[in-house]
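Written below as structure tokens is the structure these notes are about.
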Amino acid sequence: MRSLPRLRLIQGAGVVAVFAVAIAVPALAPDPATTNIAVFTMMYIGLATAWNIMGGYTGYISLGHAGFFGFGAYALGLLLARFGVAGGYPPFLLVPVAGLLTAVLALAIGWFALRTRAATFVIVTIAFMFMLQLLAENLVGITGGGGGLSFPIPNWSGDFFNTPYYYVMLLLATVGLGASWLIRHSKFGLGLLAIRDDEDKALAVGVPTRAFKLTAFVISATLVGMIGGVYGYYVTYIYPQFVVDPLIGISMVLMVFLGGLGTLSGPVLGALILEPAQLWLAYNFGASRLYLVFYAAVFLGVILLLPRGIVPSALDLLERWRNRTGPPASRPATPATPAKAVAP
Amino acid sequence: MSLLQIDKLCKRFGGVVAVDECSLSVEPGSITALIGPNGSGKTTVFNLVTGFIPKDKGTVTFKSQVIDRMGPDRIYELGIGRTFQLARIFPRLTALENMLVPVRRQGLRALFSGAGWSNEKARAMEMLEFLEIAHVAGKLGGALSYGQRKLLELGAVMMAEPDLVLLDEPAGGVNPALLDRISAHIRKLNSRGITFLIVEHNMGFVMNLCTDVVVLHRGRPIASGKPEVVREDAAVLDAYLGA
Chain G
1 MRSLPRLRLI QGAGVVAVFA VAIAVPALAP DPATTNIAVF TMMYIGLATA
51 WNIMGGYTGY ISLGHAGFFG FGAYALGLLL ARFGVAGGYP PFLLVPVAGL
101 LTAVLALAIG WFALRTRAAT FVIVTIAFMF MLQLLAENLV GITGGGGGLS
151 FPIPNWSGDF FNTPYYYVML LLATVGLGAS WLIRHSKFGL GLLAIRDDED
201 KALAVGVPTR AFKLTAFVIS ATLVGMIGGV YGYYVTYIYP QFVVDPLIGI
251 SMVLMVFLGG LGTLSGPVLG ALILEPAQLW LAYNFGASRL YLVFYAAVFL
301 GVILLLPRGI VPSALDLLER WRNRTGPPAS RPATPATPAK AVAP
Chain F
1001 MSLLQIDKLC KRFGGVVAVD ECSLSVEPGS ITALIGPNGS GKTTVFNLVT
1051 GFIPKDKGTV TFKSQVIDRM GPDRIYELGI GRTFQLARIF PRLTALENML
1101 VPVRRQGLRA LFSGAGWSNE KARAMEMLEF LEIAHVAGKL GGALSYGQRK
1151 LLELGAVMMA EPDLVLLDEP AGGVNPALLD RISAHIRKLN SRGITFLIVE
1201 HNMGFVMNLC TDVVVLHRGR PIASGKPEVV REDAAVLDAY LGA
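Note that the protein sequences, when read in sequence, are chains G and F.
Using our numbering, read the first sequence as starting at 1 and increasing by one per residue.
Using our numbering, read the second sequence as starting at 1001 and increasing by one per residue.
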């Protein structure tokens, strides 16, 4: 128990150091190729963290989050067009509105989808995503259909162009991590973890499972929608098949599984490993879909070697090492006040 | 006035009548046993009372409030806790976290804030001490023995301070030493004012512990009263021995 405050101090210092490095990235490596990797990596940190709030904490695996991503992108694009907002910083101010619109959609989708469980839920979310893709393709008058939707282009220099997007992605990832931390350490989060373990039992001990799942789903989708909006503005032109892309959804899931499902740092680690690797492959072997082979290999590796992901496996190893060298044999109970004997 | 009143409750599963015009009552402060042969509808009655399955007909009233259209979480909130036939705990949460899940918190702010954790953790530790399993507080639920799970499940139900606890076969799969401990814990909790309704096959356990007994057969009560009276009832002997 004595090492616990020291551990927390180390953890805190680690978080501050990582955050400081994240802020310094554009200054340390200002060339556009690197900042482009940084933008996408930060985007996936945010996406994986947001997905984890639903999939990791409740155990409900959504493969349709790419739908919210695309919806957020279209929502921001259409808002910018509707209000005639020019390129520059003002479009970022409308990102929360795109998030809010995504939240409304998630509330409606979640209301129905969360009546199902397990594999059925997975299929319902996939169906929702493809429906959204079809709508984006066919509602030509609104979305531009297969012709795509353009965003205003900021008048920034080439060297600086990526930097504002990077910082907005960093901000959204930080918001996602903050929300994830807050949820994990709250009564609400404990309820979500209880749902993950045994939903009927959670109901039996008073967890309003439907409301909890729906709230987690909406929070998760809202973040994904906002990130989708910034992505649309970054790439300046969006098409249904590229922005409502199942591979975006699968990438989020794979990153979370690789890093550690239901952990705070796992999605960050997963995104930090997979996204730069994928972009490196694209830079070096062309923009083919070769990275899918790499993804498949990683997925197989995770299932066979690290079924719980890197972070939980590493914690297990650490625990075993501590048990061999030191006293505690289990996770600390950390009661805030010493337990008292009960008078019968 | 009865704490729990069940009137003409019915439930069919396809062509099978699981609960048939079942009426019974549970008095406040009692330890009431609901016994009967396998398939007599005991667990179905539990599932109907706690809102896990919808009724076909009938009424369930708890503290003068009709609850038969409410969901399990709402019924729990009103003061009815339950355990399951096979001990169910949250395997990937620690024993202490298992105890904290059922604690009631009102309002959004309370749900998302860490305020109150200290008191709740202290209370959970007290309950674990009371059940003599405080030493496993930091262990994951999945790593506990079956007996420890049974006790943890009972403790977790108590955390929300229910008025009525429904125990589904608390003696099932439990060794005699632990059975005595479970009995003693139920008695102590009962002396603090908690009412129990227990489904159980172990007649020794029922006769020693319970103040009232209701016997179900083919979904309807065939006898009720004090254990020593029910034990001698001809209809009960018929149902159990198939005479």
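Heads up, the beta-carbon is just placed ideally off N, CA and C, and yes, glycines get one too.
For residue i, the three-state DSSP class (helix, strand or coil)
i, result
"F:Asp1233", "coil"
"G:Pro328", "Only weak support is given to the placement of G:Pro328: the predicted model assigns it a pLDDT of 47, under 50, and the value that follows is read from those uncertain coordinates. Coil, per DSSP."
"F:Ala1018", "strand"
"G:Val342", "The predicted position of G:Val342 is uncertain, since its pLDDT is 31 and thus under 50; no value can be drawn from it."
"F:Lys1008", "strand"
"F:Lys1063", "coil"
"G:Arg308", "coil"
"F:Lys1057", "strand"
"G:Phe359", "No information on residue 359 of chain G is available, as it lies outside the stretch 1 to 344 that chain G covers here."
"F:Asp1212", "strand"
"G:Asp197", "helix"
"G:His185", "coil"
"G:Tyr166", "helix"
"G:Ala336", "For G:Ala336, the pLDDT reaches just 36, beneath the cut-off of 50, and the residue's location in the model is therefore unreliable, although a value from the coordinates is still provided. It is coil, neither helix nor strand."
"F:Phe1196", "strand"
Residues that residue i contacts on chain F, provided the C-beta gap is smaller than 7 angstroms
i, result
"G:Val207", "Asp1073, Val1101"
"G:Ala216", "Within chain F, no residue comes near G:Ala216; the closest Cβ sits about 12 angstroms away, beyond 7 angstroms."
Burial state of residue i, where buried means 16 or more other Cβ atoms lie within 10 Å
i, result
"G:Pro328", "Any reading at G:Pro328 needs caution, since the residue's pLDDT is 47, under 50, leaving its predicted position unreliable; the model's value is listed next. Burial call: exposed."
"G:Ala108", "exposed"
"G:Asn284", "exposed"
"F:Ala1223", "buried"
"G:Phe71", "buried"
"F:Lys1188", "exposed"
"F:Ile1194", "buried"
"G:Ala136", "buried"
"F:Gln1106", "exposed"
"F:Leu1209", "buried"
"F:Ser1064", "exposed"
"G:Tyr233", "buried"
"F:Phe1013", "exposed"
Residues near residue i by beta carbon distance below 8 angstroms, same chain, minus five either side
i, result
"G:Ala38", "Val25, Pro26, Ala29, Asn162, Tyr166"
"G:Trp181", "Leu264"
"G:Pro32", "Gly158, Asp159, Phe161, Asn162"
"F:Asn1175", "Gly1147"
Supposed close pair residue i, residue j - CB separation, criterion 8 angstroms
i, j, result
"G:Leu172", "G:Val243", "Incorrect: roughly 17 angstroms between the Cβ atoms, too far for contact."
"F:Glu1200", "F:Glu1169", "6 angstroms"
"G:Pro152", "G:Gly87", "4 angstroms"
"G:Tyr239", "G:Gly148", "4 angstroms"
"F:Leu1034", "F:Asp1163", "In fact, because the Cβ distance is near 17 angstroms, the residues do not count as touching under 8 angstroms."
Other residues of its chain near residue i: CB distance less than 7 angstroms, five sequence neighbours each side excluded
i, result
"G:Ala339", "Summary for G:Ala339: the model assigns pLDDT 35, below 50, so the residue's position carries little reliability, and this model does not support an answer."
"F:Asn1099", "It should be noted that the sequence gives Met, not Asn, for residue 1099 of chain F. Once the five neighbours on either side are set aside, the close Cβ partners of F:Met1099 are Ala1124, Met1127, Leu1128, Gly1155, Ala1156, Met1159."
"G:Pro5", "none"
"G:Ala66", "Met129, Val244, Asp245, Pro246, Ile248, Gly249"
"F:Pro1072", "Thr1050, Gly1051, Phe1052"
"F:Phe1205", "Ala1171, Leu1179, Ser1183"
"F:Asp1020", "Cys1010, Arg1218, Gly1219, Arg1220"
"G:Met255", "Tyr44, Ala48, Pro267, Gly270, Ala271, Leu274"
Interface partners of residue i on chain G, CB under 9 angstroms
i, result
"F:Pro1176", "Simply none; closest approach about 21 angstroms."
"F:Tyr1076", "Leu203, Ala204, Val205, Gly206, Val207"
Sequence-distant residues of the same chain with beta carbon closer than 6 angstroms to residue i, five excluded per side
i, result
"F:Gly1039", "none"
"G:Tyr291", "Gln278, Leu281"
Proximal chain G residues relative to residue i, where beta-carbon distance stays under 7 angstroms
i, result
"F:Glu1097", "Leu190"
"F:Arg1104", "Gly206"
Test: residue i CB closer than 7 angstroms to a CB of chain B
i, result
"F:Leu1151", "The displayed structure is made up of protein chains G and F, and chain B is not among them."
Chain-ordered neighbours of residue i on chain F, where CB pairs are closer than 8 angstroms
i, result
"G:Ser186", "Leu1111, Phe1112, Ser1113, Gly1114"
"G:Leu107", "Going along chain F, no residue has its Cβ under 8 angstroms from G:Leu107, so there is no contact; the nearest lies around 16 angstroms."
"G:Ala194", "Phe1090, Leu1093, Val1101"
"G:Leu182", "Phe1112"
Chain-ordered neighbours of residue i on chain G, where CB pairs are closer than 8 angstroms
i, result
"F:Thr1050", "Ala204"
"F:Val1157", "Val205"
"F:Arg1069", "The contacting residues do not exist; F:Arg1069 stays about 15 angstroms from chain G at best."
"F:Arg1082", "Ala204"
"F:Ala1160", "Val205, Gly206"
Cross-chain neighbours of residue i in chain F, by beta carbon under 9 angstroms
i, result
"G:Asp198", "Arg1088, Ile1089, Phe1090, Pro1091"
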